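Chains as they are written, first to last, in this note's numbering: chain A, 10 to 400; chain B, 85 to 312.
Structure (structure tokens):
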């Protein structure tokens, strides 16, 4: 009965009902949309980095500092027997890093030479192309699209590189770019030249050496030693999580403003409605309805706005969410320019949990703001309500 | 015969400028089953206040009110609501019909509160509407009815649950002479047929002409209690 009364009252409120419904619906849509885009961004960032850079965790040489190329000379060592076994089982791949310089077409820029086993299948990048042929006297090498664009290099170009080997002697070699690969992960692209691991070990006079090991199994399962430091997926993605978290904080402020405005609208509607309907409240009391049931009726009325808003959101937001999730959307600038692993085309992630979670939170808030003005009724005397007065 | 309502030594005061103003003072009354009586008096004499206290819509300051022998002055809000729901029908000067409901739904509301089945509700509603001659308006909304028709719907709503007592507060105040007589004849007919006790609060001579008992209230006290 209470639902029927509330439903009729809400419908009879006409334009006020539809305005409130529309405001809450816009709030719901915006929250779900922005949250979905953030989730999509996080998914894109983490998926790309796990597939192309992080694997299932890494082991770093204790001197390795990804932000200091000058330490690379002292950041490699012979792989321990335990890790060697994992490499042989194809559960881990060693990567050697050597600081050097590249001389494309008479220019010079710093580069990190990275050696990787071409037949690895942990990172989803086409390093098998390093097994391809190159002109005699040159070494096959791969670079990413971003690097190719900045250095004005393309597939088939020959480039001279210079490095200082583990004995401290400078050496140089010509490389042929056998493949320009497409990676959304800047750490695999910017300033990187990829070679066969064995070739780089030979060039650097450091056989069986590696700087980092990328694991296909949870990194904790690999042998640990004081020389090698385990980095879990969460450790390696901490900066990505932080980036999205910072973005979420900004979005959170936006949600709060939206929710606040929507709740103010509902509170105002409820307060006005209760004030205008004092006589009706008195009549319901005279007919035998308890104060508590009347409060409940008004609270349900507020919740019905949320229910209608949810239906409206599904009606127009549903197709929008579906379209964006399946077709994605273009972002105006490439994430590579900002050093983040993001493509120019993003797919938001609108999970059922996100949609239901948002609805539940908004409904809970609606219950509170609908109840707050209605609770005055609990102290109202029937004869006062019939006279249109508050005690 | 046990009175339907008995009022014993009842006072009602309101605070006015730090002093207690006596709206009702030392009221002793008894209403027998099937009475068609009225509390009459000028504005401000305390008629509506007395009616509200007898209908458990308001509390007395002192004294006691008994309904079918049970004291109701100390009932909780919930118990008062239950008493009103089961035993008392109200008719108001301004009809107090819920505007968003049809006539049928307005009459259905008190029956829903009683937890009546759909079939029983329908039968009771149609019977009530027959008494007031409005079966053809069952799907109309109050805004589509005249004042007289609205008050007849209010009467039907008050009697649909077959209450022991119907309390009518100035039921003809908003009606013209013709409609007032229609309403009063309808209520008299119901009173004769159902045996429900009718207690009016009024200063309308038309109403007074129909009463079998007239209790005159002046300045919160009973001045006269006449039976015709």
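Idealized CB from N, CA, C, for every residue including glycine.
Since the structure is predicted, the reported quantities are computational estimates derived from the model, not experimental observations.
Taking CB distances under 8 angstroms as the criterion, tell me whether residue 228 (chain B) reaches chain A.
no
How far does the beta strand (DSSP E) with residue 179 (chain A) in it extend, from its first residue to its last?
179–190
Identify which residue in B:213, B:294, B:153 and B:270 has its Cα closest to the Cα of residue 245 (chain B).
B:213
Would you say residue 391 (chain A) lies against chain B (beta-carbon separation less than 8 angstroms)?
yes
Buried versus exposed call for residue 217 (chain B) [16 or more other C-beta atoms within 10 Å across all chains shown]
Residue 217 (chain B) is exposed by the Cβ-count criterion.
Skipping 5 residues on each side, what residues in its chain have a beta carbon closer than 7 angstroms to that of residue 233 (chain A)?
239
Given this structure, state the Cα-to-Cα distance separating residue 180 (chain B) from residue 396 (chain A), to the nearest angstrom.
Each residue's alpha carbon lies about 11 angstroms from the other.
Report back the beta-carbon spacing between residue 275 (chain A) and residue 29 (chain A) to the nearest angstrom; my notes put them in contact at under 8 angstroms.
About 6 angstroms separates the two Cβ atoms, so the contact holds.
Under 9 angstroms Cβ-Cβ, which residues of chain A neighbour residue 209 (chain B)?
What residue 209 (chain B) touches in chain A: nothing, since even the nearest Cβ is about 14 angstroms away.
What did DSSP end up calling residue 98 (chain B) once you bin it into helix, strand or coil?
Of the three classes helix, strand and coil, the one that applies to residue 98 (chain B) here is strand, per DSSP.
Near-chain B residues of the stretch 295–309 of chain A - C-beta to any C-beta below 9 angstroms:
Answer in chain order: 295, 296, 297, 298, 299, 300, 301 and 302.
Going along chain A, which residues have a C-beta under 8 angstroms from residue 161 (chain B)?
299 and 300
Which residues does DSSP list as the beta-bridge partners of residue 162 (chain B)?
As DSSP reads the structure, residue 162 (chain B) sits in no beta bridge.
DSSP puts residue 377 (chain A) in a beta bridge; with which residues?
None; residue 377 (chain A) has no bridge partner.
Is residue 85 (chain A) helix, strand or coil when you go by DSSP?
coil
Unbroken alpha helix (DSSP H) run spanning residue 275 (chain A), endpoints
Annotation: the continuous alpha helix (DSSP H) that includes residue 275 (chain A) extends over 247–285.
Chain-order list of residues whose beta-carbon lies under 7 angstroms from that of residue 231 (chain B) (same chain, five-residue window excluded):
Excluding the 5 residues flanking it on each side, residue 231 (chain B) has same chain C-beta neighbours closer than 7 angstroms at 258, 259 and 263, in chain order.
For residue 45 (chain B), which residues in the same chain have their Cβ closer than 7 angstroms to its Cβ, ignoring the five residues on either side in sequence?
With chain B covering 85 to 312 only, the question about residue 45 (chain B) has no answer from this structure.
Where do the N-terminal and C-terminal ends of the alpha helix (DSSP H) with residue 26 (chain A) fall, by residue?
Element bounds for residue 26 (chain A): 24–58.
Excluding the 5 residues preceding and the 5 following residue 132 (chain A) in the sequence, name in chain order all residues of the same chain whose CB lies nearer than 6 angstroms to its CB.
Result list for residue 132 (chain A): 61, in chain order.
Answer with buried or exposed for residue 92 (chain A), where buried requires no fewer than 16 other C-beta atoms within 10 angstroms of its C-beta.
buried
Report the rounded CA-to-CA distance for residue 328 (chain A) versus residue 374 (chain A), giving the unit in angstroms.
26 angstroms
Report the residue from A:53, A:398 and A:68 whose alpha carbon sits nearest the alpha carbon of residue 227 (chain A).
Per the Cα distances, A:68.
Are the stretch 317–327 of chain A and the stretch 31–39 of chain A touching by the rule of at least three beta carbon pairs closer than 8 angstroms?
yes
Restricting to Cα atoms, I'd like to know which of A:332, A:261, A:393 and A:183 is closest to residue 290 (chain A).
A:393
Only counting the same chain, and skipping five residues up and downstream in sequence, which positions put a Cβ closer than 6 angstroms to that of residue 19 (chain A)?
26, 310 and 313
Kindly list the residues whose CB is nearer than 7 angstroms to the CB of residue 135 (chain A), restricted to its own chain and excluding five residues on each side of it in sequence; keep chain order.
For residue 135 (chain A), where only same-chain residues beyond five positions count, the Cβ hits under 7 angstroms are 188 and 190.
So with CB distances below 9 angstroms, who are the chain D contacts of residue 166 (chain B)?
Absent from the structure: chain D. Protein chains present are A and B.
For residue 29 (chain A), decide whether its Cβ has a neighbour in chain B, counting only Cβ atoms nearer than 8 angstroms.
no
Assigned secondary structure, residue 190 (chain B) (DSSP; H/G/I helix, E/B strand, else coil)
Residue 190 (chain B): helix per DSSP, three-state reduction.
Once the 5 residues before and after residue 76 (chain B) are set aside, which same chain residues still bring their CB inside 7 angstroms of it?
Residue 76 (chain B) is absent from the model: chain B starts at 85 and stops at 312.
Reference residue 46 (chain A); option with closest CA among A:186, A:358 and A:21
A:358
Residue environment, residue 219 (chain A), which counts as buried when at least 16 other CB atoms sit within 10 Å
It is buried - the Cβ of residue 219 (chain A) has at least 16 other Cβ atoms within 10 Å.
Members of the stretch 265–286 of chain A near chain B, C-beta cut-off 9 angstroms:
none
Count the other CB atoms within 10 Å of the CB of residue 100 (chain B); is the residue buried (16 or more) or exposed (fewer)?
exposed
Shorter than 8 angstroms from the beta carbon of residue 193 (chain A) to some beta carbon of chain B?
no
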